[in-house]
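Trainee:
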Amino acid sequence: MNNNNQSTDKSKGLFADKALKSDAVAVENTSLLKPTAADNSYSNNDVSAHYSEPLSSSALVSTAANAEWSEKSPMTKKTIASGEALKLAVVGHTNTGKTSILRTLLRDVYFGEVKNEAATTRHVERAQLTDSQTGEVLVALYDTPGLEDASGLMDWLEDNTASRRDGIERLQQFLAADIAQGAEHIDGSVYQDYSQEAKVIRQVLASDMAIYVVDAREPVLGKYKDELAILSWAAIPVMPVFNFTDSQDANIDDWQTMLARRNLHISTRFDSVAFEFEDEMHLWQNLATMLTHSEMLEQLMDSRAADWARLYDEANIIIADFLLNVAAFVREINEDDDPMPVLTQMQEAVRQSERTMQNKLLNSYKFYDNAVAATPLELKAYQQDPFDPELLKTYGIRTTSGAAAGALLGLGIDAAALGTTLGLGAALGGLAGGLLSNTSSIADKLTGVKRLYIDPATLTLLATRAMDLLTALRHRGHAATDATQMLYQDDSAITHSSDDAKNDSADNHSITPWPSHKLPSELKKARGKPQWSSLSSGKSELAQSLRMDATWSLANKLEAHKLAGD
Numbered sequence: 001m002n003n004n005n006q007s008t009d010k011s012k013g014l015f016a017d018k019a020l021k022s023d024a025v026a027v028e029n030t031s032l033l034k035p036t037a038a039d040n041s042y043s044n045n046d047v048s049a050h051y052s053e054p055l056s057s058s059a060l061v062s063t064a065a066n067a068e069w070s071e072k073s074p075m076t077k078k079t080i081a082s083g084e085a086l087k088l089a090v091v092g093h094t095n096t097g098k099t100s101i102l103r104t105l106l107r108d109v110y111f112g113e114v115k116n117e118a119a120t121t122r123h124v125e126r127a128q129l130t131d132s133q134t135g136e137v138l139v140a141l142y143d144t145p146g147l148e149d150a151s152g153l154m155d156w157l158e159d160n161t162a163s164r165r166d167g168i169e170r171l172q173q174f175l176a177a178d179i180a181q182g183a184e185h186i187d188g189s190v191y192q193d194y195s196q197e198a199k200v201i202r203q204v205l206a207s208d209m210a211i212y213v214v215d216a217r218e219p220v221l222g223k224y225k226d227e228l229a230i231l232s233w234a235a236i237p238v239m240p241v242f243n244f245t246d247s248q249d250a251n252i253d254d255w256q257t258m259l260a261r262r263n264l265h266i267s268t269r270f271d272s273v274a275f276e277f278e279d280e281m282h283l284w285q286n287l288a289t290m291l292t293h294s295e296m297l298e299q300l301m302d303s304r305a306a307d308w309a310r311l312y313d314e315a316n317i318i319i320a321d322f323l324l325n326v327a328a329f330v331r332e333i334n335e336d337d338d339p340m341p342v343l344t345q346m347q348e349a350v351r352q353s354e355r356t357m358q359n360k361l362l363n364s365y366k367f368y369d370n371a372v373a374a375t376p377l378e379l380k381a382y383q384q385d386p387f388d389p390e391l392l393k394t395y396g397i398r399t400t401s402g403a404a405a406g407a408l409l410g411l412g413i414d415a416a417a418l419g420t421t422l423g424l425g426a427a428l429g430g431l432a433g434g435l436l437s438n439t440s441s442i443a444d445k446l447t448g449v450k451r452l453y454i455d456p457a458t459l460t461l462l463a464t465r466a467m468d469l470l471t472a473l474r475h476r477g478h479a480a481t482d483a484t485q486m487l488y489q490d491d492s493a494i495t496h497s498s499d500d501a502k503n504d505s506a507d508n509h510s511i512t513p514w515p516s517h518k519l520p521s522e523l524k525k526a527r528g529k530p531q532w533s534s535l536s537s538g539k540s541e542l543a544q545s546l547r548m549d550a551t552w553s554l555a556n557k558l559e560a561h562k563l564a565g566d
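Residue numbering for the sequence shown follows this note's numbering, starting at 1 and increasing by one per position.
(1) Going by the DSSP bridge assignment, what does Tyr-212 pair with across the sheet?
(2) Beta-carbon separation of Asp-131 and Leu-300 under 9 Å?
(3) What is the DSSP secondary structure of Thr-512, reduced to helix, strand or coil?
(4) Helix, strand or coil, according to DSSP, for Glu-125 in the structure here?
(5) Are the region 551 to 561 and the region 510 to 522 in contact at 8 Å, needing three or more beta carbon pairs?
(6) Work out the CA separation of Asp-468 and Thr-512 for me, nearest whole Å.
(7) State whether the region 255 to 266 contacts the region 456 to 475, with contact taken as three or more CB pairs (one from each stretch) at a distance under 8 Å.
(8) How many angstroms separate the CA atom of Asn-5 from the CA atom of Asp-159?
(9) In this structure, how does DSSP classify Thr-268 when only helix, strand and coil are distinguished?
(10) Sort Gln-173, Arg-103, Trp-514, Ile-101 by Cα distance to Gly-396 and report the nearest one.
(11) How should Gly-419 be labelled, buried or exposed, when 16 other C-beta atoms within 10 angstroms of its C-beta is the threshold for buried?
(12) Grab the span of the beta strand (DSSP E) containing Leu-141 for me, first residue to last.
(13) Look up Leu-331 in the DSSP assignment and give the residues it is bridged to.
(14) Using C-beta distances below 8 Å, list every residue in its chain close to Arg-351, excluding the 5 sequence neighbours before and after it, in chain order.
(15) May I have the straight-line CA-CA distance separating Lys-562 from Glu-136, to the nearest angstrom?
(16) Do you know how far the Cα of Leu-129 is from the Cα of Tyr-212?
(17) Give a yes or no on whether the C-beta atoms belonging to Met-209 and Leu-88 are separated by under 9 Å.
(18) Closest by CA to Arg-527, which one among Lys-539, Ala-466, Pro-456?
(19) How is the alpha helix (DSSP H) around Arg-165 delimited, first residue to last?
(20) Go ahead and pull the three-state DSSP assignment for Ser-440.
(21) Spell out whether any CB of chain D is found under 9 Å from the CB atom of Ala-560.
(22) Would you mind stating whether Glu-354 and Arg-465 have Cβ atoms separated by less than 9 Å?
(23) Going by the beta-carbon positions, is the gap between Arg-269 and Asp-253 smaller than 9 Å?
(24) For Ala-274, which residues does DSSP report across the bridge?
(25) For Arg-547 versus Ala-328, is the C-beta spacing smaller than 9 Å?
(26) Beta-carbon separation of Asp-215 and Asn-316 under 9 Å?
(27) On the CB-based measure, 16 or more other CB atoms within 10 Å of its CB, does Thr-344 come out buried or exposed?
(28) Given this structure, state the Cα-to-Cα distance separating Ala-320 from Glu-541, to the nearest angstrom.
(29) Out of Asn-334, Ser-545, Arg-107, point me to the one whose CA is closest to Tyr-368's CA.
(30) According to DSSP, Leu-147 sits in a beta bridge with which residue or residues?
(31) For Leu-231, name the three-state secondary structure that DSSP assigns.
(32) Have a look at Gln-285 and Leu-291 and give me their C-alpha separation to the nearest angstrom.
(33) Return helix, strand or coil for Leu-86, following the three-state DSSP convention.
(34) Are His-478 and Ser-272 touching if we call contact CB-CB under 9 Å?
(35) Using the C-alpha atoms, what's the distance from Ala-229 back to Asp-143?
(36) Check Thr-130 in the structure and name its three-state DSSP category.
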């Protein structure tokens, strides 16, 4: 970790007289760089997260131990200066999704604790966003406990603080009171415990600005109005952020009317489950408009946009490399041999290769198979066997080899290579039928050798499913804990079509990247290059280096297809 980051550990926020003092170390580097061999481990002095090594929850540092307010050590009042990391408090009512939003912003399924119950977060936890190229800390994020009884606290403030005093003075008076320390019995009277609210207020006073998380499904209630009134007394910019906006029960219009009456005219939408990268950019842009010095946020936006684009490029390379590896996969058998044992072996090798590719995509986008959050692979769409006879029909992929290929639907092996073993001798006898795709098949037949390939329809299916998974990962928030939560709209009813079958379904949500009878030139070339496939040769590094140029070329085509579809 960059030593310059240490300077951001002290709270020097706007109006931090009675603020939180935190010496917590950094807990998160959200760089989206592609992992290298050197990234597979990290020392105790660098707890930055890597794709290959997710942080465990034990690596998170709670600031609760340092959260006690002290009148003896007031901090200097100052406004945020140019070049300083922004200190951003994440506040709101209990169970509105504050930790969920942070998980998605941090790309970290391990941050904090997310449960469908109130008061899950009990202490302030700190994380940070850095420039992935320089390691410079740009934003320090503070996850705060939920405000449990703002209306009761407002009543106390009205009864026990002078209305002529400014908001900060009234909040400081509250923080000095016994009820802010968790005292329950004083002079025989029972007081409400506002220690959780005190933790929030201490952190807000120590921060440069705050985002107020709103559960868009909730109606506008008096307690939320009181929360906003109390936060406004801290005299820092506060921006409402609507969570769970993808819900049909969202009440955003009502909320915006109430916020406008409180002079809160800048808000944004950020769904921590149904994620949109553009929403994240809008969040940072809106925050930047509220600051005199917004250089850090502008640098953060540039860094994260570049990382997001680079990650997408790398994901397409992962998919293209997988497809070429499978396309070049070939096994030879004698003309009279039973192909089924070899077919079975080839199918299993492809299944394992697809799962490896899927795991690479999951790791790249920082989703992992763990007990914290459900991964996209737990959804049925990504568990189905690519050699299931019904799966090609589900995706609307047609073969072009007539009845012969139809008889092999689901086997995933080129009909032209199987000869008479499966009763296709008549079909193979006629070149006009289009079953023999190249002259090498004729030569093999003359020498009594048959070559078994993965057929074009199955290659098309594998490509479509890989691109669907990539789309899912780019639209799934890291707070999603349920495998039934939508990865992207209408995921539960995906139907697919190719250019030659797009009329098969009246409700198409994705299309194949190419018709199954028109494989890209890179995949066609791979079918004549068995040395390109580690599945054939067993030489993984050599095979990968041989197909590298074709991988880049095919990746560009995959990306161009996706952009055209968007």
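Every residue, glycine too, gets a C-beta built ideally from N, C-alpha and C.
Mentor: From the atom records:
(1) As a position in the sequence shown, residue 212 is number 212, starting the count at 1. Tyr-212 pairs with Val-91, Pro-240.
(2) As a first step, residue 131 is located in the sequence shown; it is residue number 131 there, counting from the start. As a first step, residue 300 is located in the sequence shown; it is residue number 300 there, counting from the start. Yes, the Cβ-Cβ distance between Asp-131 and Leu-300 is below 9 Å.
(3) Position 512 of the sequence shown, counted from the first residue, corresponds to residue 512. In the structure shown, Thr-512 adopts coil according to DSSP, grouped into three states.
(4) For the purposes of this step, residue 125 is taken as the residue at position 125 of the sequence shown. In the structure shown, Glu-125 sits in a strand (DSSP, three-state: E or B).
(5) yes
(6) Numbered from 1 along the sequence shown, position 512 holds the residue referred to as residue 512. Numbered from 1 along the sequence shown, position 468 holds the residue referred to as residue 468. Approximately 10 Å between the Cα atoms of the pair.
(7) Counting Cβ pairs under 8 Å, fewer than three are found: no touch.
(8) Numbered from 1 along the sequence shown, position 5 holds the residue referred to as residue 5. Numbered from 1 along the sequence shown, position 159 holds the residue referred to as residue 159. Bear in mind that a pLDDT of 42 at Asn-5, under 50, signals an unreliable position, so the model cannot answer this.
(9) Position 268 of the sequence shown, counted from the start, is the residue given in the question as residue 268. Three-state result, Thr-268: strand.
(10) Locating residue 396 in the sequence shown gives position 396, counting from the first residue. Closest option to Gly-396, Cα to Cα, is Trp-514.
(11) By one-based count along the sequence shown, residue 419 stands at place 419. Because Gly-419 carries a pLDDT of 39, less than 50, the predicted location of this residue cannot be relied on, and the following value inherits that uncertainty. It counts as buried.
(12) Translated into positions along the sequence shown, residue 141 becomes position 141. 137 to 143 is the extent of the beta strand (DSSP E) around Leu-141.
(13) In the sequence shown, residue 331 corresponds to position 331, counting from 1. The sequence as given places Arg at residue 331; Leu does not occur at that position. Paired residue(s): Leu-452.
(14) Here residue 351 is taken as the residue at index 351 of the sequence shown, counted from 1. For Arg-351, where only same-chain residues beyond five positions count, the Cβ hits under 8 Å are Asp-385, Pro-386, Phe-387.
(15) As a first step, residue 562 is located in the sequence shown; it is residue number 562 there, counting from the start. As a first step, residue 136 is located in the sequence shown; it is residue number 136 there, counting from the start. The C-alpha of Lys-562 lies about 33 Å from the C-alpha of Glu-136.
(16) In the sequence shown, counting from the first residue as 1, residue 212 sits at position 212. In the sequence shown, counting from the first residue as 1, residue 129 sits at position 129. Cα to Cα, the separation comes out at about 19 Å.
(17) Working through the sequence shown from its first residue, we reach residue 209 at position 209. Working through the sequence shown from its first residue, we reach residue 88 at position 88. A contact, by the Cβ cut-off of 9 Å.
(18) Here residue 527 is taken as the residue at index 527 of the sequence shown, counted from 1. Cα-wise, what sits closest to Arg-527 is Pro-456.
(19) Position 165 of the sequence shown, counted from the start, is the residue given in the question as residue 165. First-last for Arg-165: undefined, no H or E at that position.
(20) Along the sequence shown, read from residue 1 onward, the residue named residue 440 stands at position 440. In this predicted model, Ser-440 has a pLDDT of only 45, less than 50, meaning its place in the structure is not dependable; the value taken from the coordinates is given anyway. It is helical.
(21) Here chain D cannot be found, since the structure has a single protein chain.
(22) Taking the sequence shown and counting its residues from 1, one reaches residue 354 at position 354. Taking the sequence shown and counting its residues from 1, one reaches residue 465 at position 465. Using a Cβ distance threshold of 9 Å, Glu-354 and Arg-465 count as a contacting pair.
(23) By one-based count along the sequence shown, residue 269 stands at place 269. By one-based count along the sequence shown, residue 253 stands at place 253. Not in contact: Arg-269 and Asp-253 (Cβ atoms no closer than 9 Å).
(24) Walking along the sequence shown from the start, residue 274 turns up at place 274. Paired residues: Arg-476.
(25) Within the sequence shown, residue 547 is the residue found at index 547, counting from 1. Within the sequence shown, residue 328 is the residue found at index 328, counting from 1. Yes. Within cutoff.
(26) Here residue 215 corresponds to residue number 215 of the sequence shown, with the count starting at 1. Here residue 316 corresponds to residue number 316 of the sequence shown, with the count starting at 1. No, the Cβ-Cβ distance between Asp-215 and Asn-316 is not below 9 Å.
(27) One-based indexing of the sequence shown puts residue 344 at position 344. Its Cβ having fewer than 16 others within 10 Å, Thr-344 is exposed.
(28) As a working mapping, residue 320 is identified with position 320 in the sequence shown. As a working mapping, residue 541 is identified with position 541 in the sequence shown. Spanning the two alpha carbons is a distance of roughly 16 Å.
(29) Along the sequence shown, read from residue 1 onward, the residue named residue 368 stands at position 368. Checking every option, the nearest Cα to that of Tyr-368 belongs to Arg-107.
(30) Translated into the one-based positions of the sequence shown, residue 147 becomes position 147. Paired residue(s): His-93.
(31) As a first step, residue 231 is located in the sequence shown; it is residue number 231 there, counting from the start. Reduced to three states, the DSSP call for Leu-231 is helix.
(32) Working through the sequence shown from its first residue, we reach residue 285 at position 285. Working through the sequence shown from its first residue, we reach residue 291 at position 291. About 10 Å.
(33) Here residue 86 corresponds to residue number 86 of the sequence shown, with the count starting at 1. In the three-state reduction of the DSSP assignment, Leu-86 falls in the strand class.
(34) Position 478 of the sequence shown, counted from the start, is the residue given in the question as residue 478. Position 272 of the sequence shown, counted from the start, is the residue given in the question as residue 272. Yes. Within cutoff.
(35) The residue you call residue 143 lines up with position 143 of the sequence shown. The residue you call residue 229 lines up with position 229 of the sequence shown. Rounded to the nearest angstrom, the two C-alpha atoms are 20 Å apart.
(36) Residue 130 sits at position 130 when you count from the first residue of the sequence shown. In the structure shown, Thr-130 falls within a strand segment according to DSSP collapsed to helix, strand and coil.
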